[in-house]
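When the sequence shown is numbered by the working numbering, its final residue is 1137 and no position is left out of the sequence of numbers. Below is one structure, written out as structure tokens, with a few remarks after it.
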Amino acid sequence: MRWGKAASAGGAIGGALGAAALYNAAAARGASDMEGLSGGKPGELLWRGHRIAYTRHGEGRPVILLHGIHAGASSLEWRHAIGPLADQHTVFAVDLLGFGRSTRPTLRYTTSLLQAMLADVIAQLVDEPCAVVASSLTAAHLIALCARDPRHIAALALIGPTGVAQLREPPSTSQSATELLLETPLVGTAVYNALTSPASMRKYLELSYANRRLVTEPLVQSYVQSARQPEAKHTIGAIVGGRLNVDVRAPLRRIRKPMLLLWGEQARHNPVQHAHAFRVLVPGVEWVRVPNAGDLPHDEQPARVNDALLRFVARHLGGPGRAPRTEPRIVRPAGQPA
């Protein structure tokens, strides 16, 4: 009887593992090469032997755009901002290591690695102080970097940054266990593929936008495409494991650079109420509350956000002096029809 039960249990486990293997194989077949932004000049940096991709647009004083850190993230996040900014500035839209068209190495992603990457990428892209625009968790790491080494940063614009009210605590035991699960070759990969399926990604995006009608099928597919690149799960494992959490309360007090804070009024993942803590720590911060927008106000209300960014950059970086065009000229993925 015991042998029979053991055999049944073994068969069930074997069947589950077989199903996971088939699911992972199907997900891998569904992945396609990541498309970059059209209309710009593609470029690559080599960082510690790994390729970091970016696109360059326009001419003028430099502005660097850094996307958030989450499943499916890429420089496509800035599709509505690049056109207006590039009318007056040289704009670099970067795919961070582990995202977009950049390499996804099997590394132990940490706060120190992420901030070292940001510092080196900025230093390689520009030879003069620049404005840097970043969102969510990346914005928090930009704060930490600027507090420690502000040499290449003239001004920073932060969209819904974390690090004060959330994602600031060291990893918990449960977070570490979840990361270990994701890192397992078979089951972890199956879990990751389920989390980044089109249905799951659509649900995530619908929570990120105030207007769910903006969550179109092409948008969902662009996120799935980025999330399903080979080895993409390692960066997400670091996020869910809490290893990229960073407390920016002390660094914020040390920054002496101009700072713009933008927040969507209907943000759900990182509610606008969290902005109050930032404003208490930095009383002089320029502050824009964006109505009818969620966690990605630059994609949802681009005219309002572009206007704020252009005026902020002009005040603190300079520009050609002509009236800003804030209505978005959408920069689409290469190959996507207009």
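Cβ coordinates follow ideal geometry from the N, Cα and C atoms, glycine included. These figures come from a predicted structure and were not determined experimentally.
Worksheet item: Exposed or buried, which one is S1021 when buried takes at least 16 other CB atoms within 10 Å?
Response: Start at 1 with the first residue of the sequence shown, and residue 1021 comes out as number 222. Its Cβ being crowded by 16 or more others within 10 Å, S1021 is buried.
Worksheet item: Who pairs with L854 in a beta bridge, going by DSSP?
Response: Within the sequence shown, residue 854 is the residue found at index 55, counting from 1. According to the sequence provided, residue 854 is Thr. The question's Leu does not apply to it. Per DSSP, P841 and A892.
Worksheet item: What are the start and end residues of the alpha helix (DSSP H) that includes I868?
Response: For the purposes of this step, residue 868 is taken as the residue at position 69 of the sequence shown. First-last for I868: undefined, no H or E at that position.
Practice prompt. Check A922 in the structure and name its three-state DSSP category.
Written response: For the purposes of this step, residue 922 is taken as the residue at position 123 of the sequence shown. In the structure shown, A922 sits in a helix (DSSP, three-state: H, G or I).
Worksheet item: Distance, Cα to Cα, P1070 vs A922?
Response: For the purposes of this step, residue 1070 is identified with residue 271 of the sequence shown, where counting begins at 1. For the purposes of this step, residue 922 is identified with residue 123 of the sequence shown, where counting begins at 1. Taking the straight line from one Cα to the other gives about 32 Å.
Discussion item. At the level of alpha carbons, what is the spacing between V963 and H856?
Written reply: Locating residue 963 in the sequence shown gives position 164, where the first residue counts as 1. Locating residue 856 in the sequence shown gives position 57, where the first residue counts as 1. So the two alpha carbons sit approximately 33 Å from each other.
Practice prompt. With hydrogens ignored, establish whether the beta-carbon of A922 is closer than 7 Å to any heavy atom of the ligand MG.
Written response: Although the ligand MG was asked about, the structure shown includes no ligands whatsoever.
Discussion item. Considering only the alpha carbon of each residue, which of L913, A872 and L884 lies closest to R900?
Written reply: Within the sequence shown, numbered from 1, the residue matching residue 900 stands at position 101. Nearest option by C-alpha distance: A872.
Worksheet item: Terminal residues of the continuous alpha helix (DSSP H) containing G987?
Response: The residue you call residue 987 lines up with position 188 of the sequence shown. Start and end: V986 to L994.
Worksheet item: In the structure shown, what three-state DSSP assignment does I952 receive?
Response: As a first step, residue 952 is located in the sequence shown; it is residue number 153 there, counting from the start. Residue state, collapsed to three classes: strand.
Discussion item. What residue range does the beta strand (DSSP E) around A933 cover?
Written reply: Within the sequence shown, residue 933 is the residue found at index 134, counting from 1. Run containing A933: C929 to S934, per the beta strand (DSSP E) assignment.
Practice prompt. State the Cα-Cα distance for the pair I1054 and L941, rounded to the nearest angstrom.
Written response: Numbered from 1 along the sequence shown, position 255 holds the residue referred to as residue 1054. Numbered from 1 along the sequence shown, position 142 holds the residue referred to as residue 941. Each residue's Cα considered, the two are about 11 Å apart.
Worksheet entry | Spatial neighbours of A785 in its chain, beta-carbon cut-off 6 Å, leaving aside the 5 residues before and after | Residue 785 is absent from the model: the chain starts at 800 and stops at 1137.
Worksheet item: Is I863 helix, strand or coil by DSSP?
Response: For the purposes of this step, residue 863 is taken as the residue at position 64 of the sequence shown. Strand, per DSSP.
Practice prompt. With a cut-off of 8 Å on the beta carbons, I'd call L1060 and F1077 a contact; round off their distance for me.
Written response: Taking the sequence shown and counting its residues from 1, the one referred to as residue 1060 is at position 261. Taking the sequence shown and counting its residues from 1, the one referred to as residue 1077 is at position 278. That belief holds up - the Cβ atoms of L1060 and F1077 are roughly 6 Å apart, short of 8 Å.
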